[in-house]
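With the first letter of the sequence shown counted as 1, position 50 gets the number 50 in full-length UniProt numbering; the numbers rise by one all the way through. Have a look at the structure below, then the notes.
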Amino acid sequence: LPFYYSSQQTAPQPPLWSCAGGNSQLWEGTPPAAKTVKSHFLNALFLPFPWNSCQTGPVIDMPVPASFNDITQDPSLENYIGWVWYEKEVLLPLRWLQGDPAPRVVLRFGSAHYYSIVWVNGVQVVEHEGGHLPFEADISSVLQGSPGALCRITVALNNTLTPHTLPPGSIQYMTDKTRYPKNYFVQNIKFDFFNYAGIHRPVVLYTTPAAYIDDITVTTTSSESIAMVQYQVSVVGSTAYSLSLSLRDQEGKEVATGDGPVGELKVLNPNLWWPYLMHENPGYLYSLEVKMQAQVAGALLEDIYTLPVGIRTVHVTSTQFLINGRPFYFHGVNKHEDADIRGKGLDWPLIVKDFNLLHWLGANSFRTSHYPYAEEIMDLCDAYGIVVIDESPGVGIKLPESFGNKSLQHHLAVMEELIRRDKNRPSVVMWSVANEPASELPPAAHYFKTVIAHTKALDPSRPVTFVTDANYALDHGAPYVDVICVNSYFSWYHDPGHLEVIPLQLTAQFENWYKTYQKPIIQSEYGADSVPGLHSDPPMMFTEEYQTAMLREYHSVFDKKRKEYVIGELIWNFADFMTSQGTTRVLGNKKGIFTRQRQPKAAAFVLRDRYWKIANESTNEVFQLNSPNS
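Spelled out as structure tokens, the structure:
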């Protein structure tokens, strides 16, 4: 469940935590892989409760949520690899610790990158691997055994990536003593964005009754006049409970009721959930209130959860992507959670600004490249009608060892976490299990067959894809996807500077993929770097003119093929973003149509004109669209 709404209270944690770290590039002994911490690092530093983090050495204030990399002027922290410690003390309301039975107290992290071990009052409560999905712990028993209402939260966090993490990476020791200090190492990665680390999303303490609603699953079907909302509710803490459900429209009118843990609700003349620019009332959400009452230890307990519900269907044919039975064309963007100073930390002003820019642009969709985005972002997609291709952190799967069973089992677990979090979101219309893996390697066949089958078993209601840049004839994963998502950078990484080759090469790309697989195709990435204010006529690489010229060459082919089997185009990228330093990256990747500070380049206006034209073509028979600030 994305958020917990109940009669109990929630307590977001104050923004400043204490933070301590070590030396990022000098490590005694083995590389700082996540689980080595138990053998020596924690035993050396962790003291019994009560203790203070200052006892272990220097600490600094660290905002949460935020990446730690860009907060200080210390370059060693910017490029830090290894363990860091976060700590925060809070006072809990005494009513959270009283009662018979006492409330259940839960500590929840929206995300922390990458491997986390959490203690409360000196007692370990949870471990989690993965940097982009939530995790939580029931800390009730720990608090009951602690004096007073003090709650000291301590987090050991490691951002080391290995061949078996998602995303993968590797540690390389530099053994040439004439060039590097002793035990000098670097973190190698196979993806093109900065490996920001820290507690990136909110930390929340919340309570539930001792018996509580643990999970809700909703699926919908619809016809012209009737919709069915199928539901399953899981309750933990009691077998003697009752459930009642009420579905209300946006005016608060009750439109359907039900009871019991499994059932369906019939909605007459439903308001369907439509994408932005596909309907005059996009993003329509009902509210499903689930109320549980249970007897526990002679007490009557009540828990209430309210879930937004969008009624919509998704279907894929050999040439079309259908939402509510109507053809949908993805005209959108790829994004990153990335900004000055806070890195990948949740930033509400930036989130709202980005949605305003999406509306201005006429974008109806985006892919969560290359990891699951914050729940707060996904909530707005549901509410605004922005369609989402929800992608796992399976980016940079290039090494043969990353296709082994250890990696596979972790990938399956990540998909379970992702689907549990986002399964009820109407904005999510397709799962993407990976981006640009080495799918030409023979082990990729079993790997992606297994991951995709597992994903479909967890959620049969949505199509599944992964994003490829492999040769169409050699891709071992493509036979198992429902939609072909292909990345290509003609005249940039291939034939750089030669815009004239785009029509021929792009046309051949589409025709080869479709002839081989007979599946609809999305151009999931295309683009060019441009430095704001750099100009050239005739267009030269890295100028704003070259970026716009490349877009127009791609668009001319899209316009021909979208009449056949091309169902979408997603520009790379929405905004400039930070990467590791390198000779081809000048303060990051500059393929954004907006700068990192969200100012438009010339390409933004080209794309805006195109997207609004496409939107009006598809809706002019139903209603008239007017672009914002037109």
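All C-beta atoms, glycine included, are put in the ideal place defined by N, C-alpha and C. Values in this document were obtained by computation on a predicted structure and should not be read as measured data.
Classify residue i: buried if its beta carbon has 16 or more other beta carbons within 10 angstroms, exposed otherwise.
i	result
A197	buried
K344	buried
D442	Contrary to the premise, residue 442 reads as Pro rather than Asp in this sequence. Label assigned to P442: exposed.
D609	exposed
W274	buried
M378	buried
D61	exposed
T257	exposed
N573	buried
E617	exposed
P539	buried
K406	exposed
E544	buried
T30	In this prediction, T30 has a pLDDT of 36, which is less than 50 and means its spatial position is unreliable; nothing more can be read from the coordinates.
T548	buried
K519	buried
P393	buried
P209	buried
Residue i lies in the beta strand (DSSP E); which residues open and close that run?
i	result
A156	L150 to N158
residue 635	Since the first residue shown for the chain is 1 and the last is 630, residue 635 is missing from the structure and cannot be characterised.
E375	Element bounds for E375: not the beta strand (DSSP E) but the alpha helix (DSSP H), E375 to Y384.
E129	V123 to E129
E254	E254 to D259
F109	R104 to F109
V118	Y115 to V120
G568	V566 to I571
Starting from residue i and walking both ways along the alpha helix (DSSP H), at which residues does that stretch end?
i	result
T368	No alpha helix (DSSP H) holds T368; DSSP gives it neither H nor E.
R421	N405 to D422
V395	Premise fails: V395 is in no alpha helix (DSSP H) and is neither H nor E.
Q144	S140 to Q144
I351	W348 to L361
S76	P75 to E78
Is residue i helix, strand or coil by DSSP?
i	result
A453	helix
R95	helix
D61	strand
N207	A small fix is needed here, since residue 207 is Thr in this sequence, not Asn. Three-state result, T207: strand.
W612	helix
L440	Looking at the sequence itself, residue 440 is Glu, so the reference to Leu does not match. Coil at E440, not helix or strand.
A137	strand
F466	strand
E251	coil
S432	strand
V606	helix
A227	strand
S556	helix
T178	coil
S170	strand
F448	helix
K561	helix
S24	Because the pLDDT of S24 is 40, which lies under 50, any placement of that residue in the model is unreliable, and the number read from its coordinates should be weighed accordingly. Reduced to three states, the DSSP call for S24 is coil.
S222	strand
L458	helix
A473	coil
Out of the options, which has the shortest C-alpha to C-alpha gap to residue i?
i	options	result
I153	P479, V388, I171 and R108	R108
D559	Q523, W572 and D537	Q523
L94	S140, S76, N512 and G148	G148
I213	T306, P134 and R562	T306
T217	Y286, V262 and T507	V262
F194	G237, N159 and W513	N159
W96	L143, I419 and G130	L143
T313	R326, T319 and H446	R326
E337	F605, S407, N269 and W348	W348
W431	K515, T368 and I171	T368
Q172	V429, T165 and V186	V186
I484	P503, V433, E500 and A528	V433
Y86	V106, S76, Y115 and T583	Y115
V481	D576, A297, I452 and V395	I452
N471	A294, K590 and Q505	Q505
E416	R425, Y384 and L458	L458
P308	V414, V84 and G252	G252
K456	G110, G582 and L418	L418
I567	D249, L322, S627 and V118	L322
L380	V64, P282 and K291	P282
Exercise. With a floor of 4 residues, list each alpha helix (DSSP H) that falls wholly inside the segment 475-544, ordered by position along the chain.
Key: 502-517
Self-check item: Minimum length 3: unbroken beta strand (DSSP E) runs contained in the segment 265-343
Solution: 286-296, 299-309, 314-316, 321-323 and 330-334
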